[in-house]
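Participant: Top to bottom, those sequences are chains P and B.
Per our numbering, residue 740 is the first one in the first sequence, and the count goes up by one each step.
Per our numbering, residue 740 is the first one in the second sequence, and the count goes up by one each step.
C-beta atoms are modelled at their ideal positions from N, C-alpha and C, and glycine is treated no differently.
Mind looking over this structure? Questions follow.
Protein chains: 2
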Amino acid sequence: MSDLHFITRLHDAVNRKRNPVVVGLDPRFEQLPKDIVRSAREAGSGNLAATVAAAFEAFCLRIIDVVAPLVPAVKPQAAFFEEWGPAGCAALARVMRHARQAGLIVICDAKRGDIGSTAEAYARGYLAGADPDAAPWAADALTINPYLGRDTLEPFVRVAIERGAGLYVLVRTSNPGAGTFQDVVSDGQPLYRRVACVVEELATASRGVDMFGAVGAVVGATYPREIAELREAMPHTTFLIPGYGTQGAAAADVAAAFTPDGLGAVVNSSRGIIFAYEKKPYSEQFGEHRWEDAVAAATRDMIADLASHTPTGRLEKP
Amino acid sequence: MSDLHFITRLHDAVNRKRNPVVVGLDPRFEQLPKDIVRSAREAGSGNLAATVAAAFEAFCLRIIDVVAPLVPAVKPQAAFFEEWGPAGCAALARVMRHARQAGLIVICDAKRGDIGSTAEAYARGYLAGADPDAAPWAADALTINPYLGRDTLEPFVRVAIERGAGLYVLVRTSNPGAGTFQDVVSDGQPLYRRVACVVEELATASRGVDMFGAVGAVVGATYPREIAELREAMPHTTFLIPGYGTQGAAAADVAAAFTPDGLGAVVNSSRGIIFAYEKKPYSEQFGEHRWEDAVAAATRDMIADLASHTPTGRLEKP
């Protein structure tokens, strides 16, 4: 079973690609390249939701094909698909399956959380783990929300261990207002540190042969001090770090998340990569008709940026 | 716009039915009546997810038809549908639409939460509000999770106000481990009281002509002391109370949630109603072939129980 453990599979992917980049699949209809929208309109029934869903699917499939040789993982954001109803959900399922077939680790960013058997239903639905066919949504890992309490994380952990899947519990999110509740101090300790403590326990208990467990933490790149502090407090917890790029964080901000050999964290960029064609320097270099080249260039630039400013430059091909 | 406000529509429904009961739609395949499963199998393609989804839809549609004349609202639990993938999601959308057509208030229990434009995507997808056609998921209201911070609740509130929809923010959940983080005390105040304070502000700011705003709170029936305390601290916040029945709470436990005229809260029961046919006294009285009569009887018993032990007995037909 150990070679099916989430961390083994994640590190294998990170080592093979020699970088920790996660490409976030956050499609927005108004930002899609025109050729994608045109094809979806022509093929469609005139129903807007069906057209948008078809366009999202085509767009994400092409991004997956561009980034699969470059990066270890993708992170579809469920909200953007769900916004378009059942058609969007069907597109999300196919996008996730395509990413698995392309050899990518798929982190479904759905931030789920509920109690008891309801949590278990989410876990069984999303956490396919090592076998993409084990669940209708073929996720290797899922983001989850801790507010409901430790007992509501446990059903997710049980299913994750059983299936070789991973979890990323929200600890310190990347938004400006993250501190409203996460920073509330009690006995000298902010709330996110208490969440971190529970997550570290679950991580330790979910270890296979690796130092890191199947339970990880979401820690925003926009809070570099907290990244360093949490890396120290959570030695067995792997990190998922959003906020690089469009949200304002730089490679140096996330350096502390990694072990000296460049493992222990993956870093996500969504809009900065998938809509690179809209922004300088890529817009000037490629233009909209070459949006896929812009995706590849932005991905390569992010990989190089992280390699220069973090220990991920030391990752070696296995 | 005021007659389209969520609270106006909710109170109208509560007054017309003279009770605050929400029937939770939490379908589980292994508990469905055999006739439902048989029909779905016969009509199906042999694909398990499609069969389960068809069975869930048929089961929930029949429950809706039974309870629509009796109660003001239903609460579909998204997890049980999502567990079965896109087919489950399509069933959920149709169930919600059918409930709206039957004149019920639909509270989608999906406990969503995310940052900025992602939160807005969830809000636009789920919060149909006064016009069931305004979103692919025809919810009147949605449950949301506060952990990510106040700025992540605001996009939901904006869309809710715009569309006459409602929100229920998790404040005190009904599970045994709810206290892990919700009870962490800082400056003499547990975390759930801080969340309550933010929710009360959002509730006050989202008021129409009524005393209560469009932003409500989830407060578990299993914590009666907290219900009383929160009712006092949150005079403009309407409550959604899970945990009655199967989770162990009784009518007297929720009495403090109501205003003297029986408004200000709705109380959910899921398994205790929809699977009533499995349990005494209903199993003896009806048996599985009369499961719909068991649903109706359990619903009427809950209405009567609440009327005897809470101010909802004073609700008068408008």
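Residues of chain P with CB closer than 7 Å to the CB of B:Q925, please, in chain order.
Facilitator: First, the amino acid is wrong: residue 925 of chain B is Ser here, not Gln. By Cβ distance, chain P contributes V923, V924, S925.
Participant: Starting from B:R851, trace the alpha helix (DSSP H) in both directions and tell me its first and last residue.
Facilitator: Counting along the chain, B:R851 falls outside any alpha helix (DSSP H), though it belongs to the beta strand (DSSP E) covering 844-851.
Participant: If you run the structure through DSSP and keep just helix, strand and coil, what is P:R770?
Facilitator: The question names Arg, but residue 770 of chain P is Gln in the sequence shown. P:Q770: helix per DSSP, three-state reduction.
Participant: Put B:K882 into one of helix, strand or coil per three-state DSSP.
Facilitator: Checking the displayed sequence, the identity of residue 882 of chain B turns out to be Thr instead of Lys. Strand.
Participant: Output, in sequence order along the chain, the residues in the stretch 982-1006 of chain P whose CB is closer than 7 Å to any CB in chain B.
Facilitator: From the stretch 982-1006 of chain P, no residue has a Cβ closer than 7 Å to chain B.
Participant: Roughly how many angstroms lie between the CA atoms of P:V1026 and P:A1015, to the nearest whole one?
Facilitator: The amino acid occupying residue 1026 of chain P in the given sequence is Gly; Val does not appear at that position. If you take the alpha carbons of P:G1026 and P:A1015, they lie about 10 Å apart.
Participant: Quick check on P:A1004: does DSSP put it in helix, strand or coil?
Facilitator: Strand, per DSSP.
Participant: Given 8 Å as the limit, is there contact between the stretch 776-791 of chain B and the stretch 744-757 of chain B, that is, 3 or more CB pairs closer than that?
Facilitator: No, they do not touch.
Participant: With DSSP collapsed to three states, give me the class of P:R946.
Facilitator: The answer is strand: DSSP assigns P:R946 an E or B state.
Participant: Below 8 Å on C-beta distance, what does B:L771 contact in chain P?
Facilitator: Simply none; closest approach about 15 Å.
Participant: Closer than 7 Å, Cβ to Cβ, to anything on chain P: give me those residues from the stretch 811-844 of chain B, in chain order.
Facilitator: Against chain P - using a Cβ distance shorter than 7 Å - the residues of the stretch 811-844 of chain B are Q816, A818, F819, E821, E822, W823, G824, P825, C828, A829, A832.
Participant: Closer than 7 Å, Cβ to Cβ, to anything on chain B: give me those residues from the stretch 873-893 of chain P, in chain order.
Facilitator: Listed by position, the residues of the stretch 873-893 of chain P near chain B (Cβ gap below 7 Å) are P875, W876, N884, P885, Y886, L887, G888, R889, D890, T891.
Participant: Taking the alpha-carbon positions, what's the B:G1001 to B:Q986 distance?
Facilitator: Using only the alpha carbons, I get a separation of about 23 Å.
Participant: With P:A812 as the anchor, note down where its beta strand (DSSP E) starts and where it stops.
Facilitator: Its beta strand (DSSP E) spans residues 812-815.
Participant: Please tell me whether P:A850 has its Cβ less than 9 Å away from any Cβ of chain B.
Facilitator: The amino acid occupying residue 850 of chain P in the given sequence is Lys; Ala does not appear at that position. Interface residue, yes.
Participant: In chain P, what lies closer than 7 Å to B:L920 by C-beta?
Facilitator: Note that residue 920 of chain B corresponds to Phe in the displayed sequence, not to Leu. Near B:F920 (Cβ distances below 7 Å), the residues of chain P are P885, Y886, G888, L930, R933, V934.
Participant: Mind pulling the chain B residues with CB within less than 7 Å of P:P915?
Facilitator: Correct list: D890.
Participant: In this structure, how does DSSP classify P:H1048 when only helix, strand and coil are distinguished?
Facilitator: Helix.
Participant: Please name the residue, chosen from P:F745, P:V760, P:R801, that lies closest to P:L771 on a Cα-to-Cα basis.
Facilitator: Ranking P:F745, P:V760, P:R801 by Cα distance to P:L771 puts P:R801 first.
Participant: With burial defined as no fewer than 16 other Cβ atoms inside 10 Å of the residue's Cβ, what is the status of B:A996: buried or exposed?
Facilitator: Buried: at least 16 other Cβ atoms inside 10 Å.
Participant: So the beta strand (DSSP E) P:L909 belongs to, where does it begin and stop?
Facilitator: P:L909 -> beta strand (DSSP E) spans 905-911.
Participant: Going residue by residue through the stretch 954-1035 of chain B, where are the continuous alpha helix (DSSP H) segments of at least 4 residues, counting only ones entirely within it?
Facilitator: As far as the stretch 954-1035 of chain B is concerned, its whole alpha helix (DSSP H) runs of at least 4 residues are 963-972, 990-993, 1010-1013, 1021-1024.
Participant: To the nearest angstrom, report how far apart B:Q816 and P:A917 are at their CA atoms.
Facilitator: Using only the alpha carbons, I get a separation of about 27 Å.
Participant: B:D853 CB to nearest chain P CB: under 9 Å?
Facilitator: So, interface residue.
Participant: For the stretch 952-969 of chain B against the stretch 896-912 of chain B, are there 3 or more C-beta pairs whose distance is under 8 Å?
Facilitator: Touching, yes, given that three or more Cβ pairs across the two stretches are closer than 8 Å.
Participant: State the Cα-Cα distance for the pair P:I1042 and P:A990, rounded to the nearest angstrom.
Facilitator: Those two C-alpha atoms are separated by around 10 Å.
Participant: Can a CB atom of chain P be found closer than 9 Å to the CB of B:S741?
Facilitator: Residue placement at B:S741 cannot be trusted, given a pLDDT of 41 that sits under 50; the coordinates are not used to answer.
Participant: Would you decide whether P:R902 is buried or exposed? Buried here means 16 or more other CB atoms lie within 10 Å of its CB.
Facilitator: Its Cβ being crowded by 16 or more others within 10 Å, P:R902 is buried.
Participant: Which residues bound the alpha helix (DSSP H) around B:V805?
Facilitator: Run containing B:V805: 787-806, per the alpha helix (DSSP H) assignment.
Participant: Relative to the C-alpha of P:Y865, which candidate in B:C828, B:P999, B:K1056 has its C-alpha closest?
Facilitator: Checked all of B:C828, B:P999, B:K1056; the closest Cα to P:Y865 is B:C828.
Participant: For P:G952 and chain B, any beta-carbon pair shorter than 9 Å?
Facilitator: Not an interface residue.
Participant: Under 9 Å, do P:G852 and P:A858 count as touching if we go by C-beta distance?
Facilitator: Yes, they are a contact pair.
Participant: Kindly give me the distance between the Cβ atoms of P:A935 and P:V910, rounded to whole angstroms, as I take these residues to be in contact under 8 Å.
Facilitator: At roughly 5 Å, the Cβ-Cβ gap stays under 8 Å, so P:A935 and P:V910 are in contact.
Participant: Buried or exposed for P:G763, please, with buried defined as at least 16 other CB atoms from any protein chain shown within 10 angstroms of its CB.
Facilitator: Classification for P:G763: buried.
Participant: Take P:P825 as the anchor and find which of P:P808, P:T976, P:A792 has the nearest alpha-carbon.
Facilitator: Closest option to P:P825, Cα to Cα, is P:A792.
Participant: Assuming contact is defined by CB atoms lying nearer than 9 Å, are B:I854 and P:S913 in contact in what I supplied?
Facilitator: Yes, the pair counts as a contact, with Cβ atoms nearer than the cut-off.
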